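If you read the sequence shown in the working numbering, its first letter stands for residue 707, the second for the next number, and so on.
Where a beta carbon is used, it is the ideal one built from N, C-alpha and C, also for glycine.
Remember, it's a predicted structure, so these values are computed and weren't measured experimentally.
Written below as structure tokens is the structure these notes are about.
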Amino acid sequence: MRHLSQKNRGNFVEILKLLAEFNPEIASVVLENAPQFAKYTSPDIQKEILSIFAMKVRKHIREEIGDAKFSILVDETCDVAKREQMTIVFRFVDNYGIVQERFFDLIHVKNTKALTLKKELSYLLSSYAFDVQKLRGQGYDGASNMKGELNGLQVRVGIRFSVRFLSVIDEIRFLENGNRSVPKNFRNRAFRF
């Protein structure tokens, strides 16, 4: 942890400092003004506070989606420590008719096999009470574990939830085959909001 007197005190402490500048109530109880053993700047406390913020943001996004139909965008990668992780983004139409995309979660997974990713995705959807019958599209990066025709995540999620899907990749392939645009009825069947 960086010492509080250093010029660059880290993102978390700098955010606290910024909040304190604009809110006297916060300024009176954080950093140098905090009670002796209640500075709340240890790495464990920072992670816990950020986890609470993330949970509140996810709850807000879930409320924003409401009962609307939605699509998911999923990608997998390794972090700096070489741990596998999966990112989840939701795409939906808001109450004003505007398409929105919201980063929802970054989930550490034991591997990036399609079955593992499907289990994590299923758990996330059920944990936040998403009605999978409203799932209208899936977007993946084209990796075989994501979009594989026999065992990819897209196939496994489609089988599990019995929903028809059309990915952006499929639309691009349709256009590459000399078609000028994707027919409305073709797109609406899969992405109807």
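For residue 794, the uninterrupted beta strand (DSSP E) run begins and ends at 790-799, by DSSP. Secondary structure at residue 822: helix, using DSSP grouped into helix, strand and coil. Of all C-beta pairs linking the stretch 780-795 to the stretch 813-820, three or more are shorter than 8 Å, placing the two stretches in contact.
In the displayed model, residue 750 falls within a helix according to three-state DSSP. If only complete runs of 3 or more residues are kept, the stretch 760-793 shows the beta strand (DSSP E) at 776-784, in order along the chain. In this structure, the straight-line span from the alpha carbon of residue 766 to that of residue 741 is close to 32 Å.
Per DSSP, the beta-bridge partners of residue 841 are 776. Bounds of the alpha helix (DSSP H) holding residue 718 are 717-728. Checking the DSSP bridge columns, you'll see residue 807 partnered with 797.
Taking the C-beta atoms as reference points, residue 799 is found no nearer than 7 Å to residue 807. Across the structure, residue 718 and residue 752 are spaced so that their CA atoms are roughly 7 Å apart.
Taking 8 Å as the upper bound for CB-CB distance, residue 797 and residue 805 are in contact here, some 7 Å apart.
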